[in-house]
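UniProt numbering puts the first residue of the sequence shown at 1, with every later residue one more than the last. What follows is a single structure, written as structure tokens, with notes after it.
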Amino acid sequence: MIEAVLFDFDGTLADTAPDLGRALNRQRTARNQPPLPIELIRTEASAGARGLLSLGFDLKPGDPEYQAMREEFLSFYTEQLCQDTCLFPGITELLEQLDSRAIPWGIVTNKPAKFTGPLMHLLGLHHRAACIISGDDTPYSKPHPEPLLTACRQINMAPDHCIYLGDDIRDVQASLAAGVKPIVALYGYLGNCAPPETWGAAELIDHPRDLLHHI
């Protein structure tokens with residue numbers, strides 16, 4: 001029996017790609033490179049700075065320029081954190097339904113807390129979430145199960161009574177390792193890996209409202 005819902009943040013709860021993309025394209029413009037289209041940026045947005053710097057500059061952790069570029073990217077992102085970020089269509093109604101049914105819901109994301117917390121406040125959701133687990137709140141990040149297990153402990157819920165909705169293969173891997181039911185948000189970013197149908201999720205949904213069929 002499902003009694004709680006946990007959400008990934010970027011690409012599942014909120015469309016953050018426009019603001020992440022603005023930071024990346026600001027870096028590219030400063031280096032006389034053309035901006036990348038938002039459609040391309042969305043495919044890497046769930047991977048944060050690491051994925052976007054790889055997309056925009058073919059930089060990877062360990063490369064000589066990576067750390068300085070990462071710090072610049074995060075600085076630019078911080079300056080315009082929630083200019084165009086918004087909840088995906090249908091999320092507001094889904095959360096209202098969960099609240100009306102007294103079903104606790106929370107956030108489990110690899111996004112650092114210095115971004116997750118302010119964004120949840122700016123989106124008006126901070127006081128409603130039963131838990132908010134950011135990427136630096138536990139020693140591990142997804143696909144490790146610990147962030148999800150920490151969330152389950154915080155809301156006092158057995159993992160097998162929880163759904164985790166995400167848009168990345170790491171979300172499914174973390175769910176399976178934690179004993180949480182993984183559901184894929186096909187409306188999300190999805191990345192550039194194998195098709196979502198091959199990730200091993202329990203279900204795939206096209207719209208946030210479809211989640212209610214699994215509760």
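Every residue gets a Cβ at the ideal spot worked out from N, C-alpha and C, and that includes glycine. In this text the structure is predicted, and so the values were computed from the model without any measurement.
When the alpha-carbon of arginine 50 is set against those of Arg42, Thr43, Asp15, Pro61, the nearest one is in Pro61. DSSP, read as helix, strand or coil, puts aspartate 171 in helix.
Spanning the alpha carbons of leucine 148 and valine 108 requires a straight line of approximately 7 angstroms. If you draw a straight line from the Cα of leucine 212 to the Cα of histidine 127, it comes to about 22 angstroms. Nearest C-alpha to proline 112 among Gly124, Pro139, Leu40: Pro139. Looking from the CA of aspartate 206, the closest CA among Met157, Phe88, Val172 belongs to Phe88. Looking at Ala14, Gln97, Gln154, the one whose alpha-carbon comes closest to that of leucine 81 is Ala14. Taken atom to atom, the span from the alpha-carbon of isoleucine 38 to that of glutamate 44 is near 10 angstroms. Pairing isoleucine 132 with threonine 150, the inter-Cα distance amounts to about 10 angstroms.
Close CB contacts of serine 141 within its chain, under the 7 angstroms cut and outside five residues either way in sequence, are with Asn110, Gly135, Pro147 (chain order). Judged by beta-carbon spacing, aspartate 168 lies within the 8 angstroms limit of serine 46, meaning their Cβ atoms are closer than that value.
About 6 angstroms separates the Cβ atoms of valine 172 and glycine 200, confirming a contact at the 8 angstroms cut-off. Annotated as proximal: leucine 36 and glycine 56, with beta-carbon spacing under 8 angstroms.
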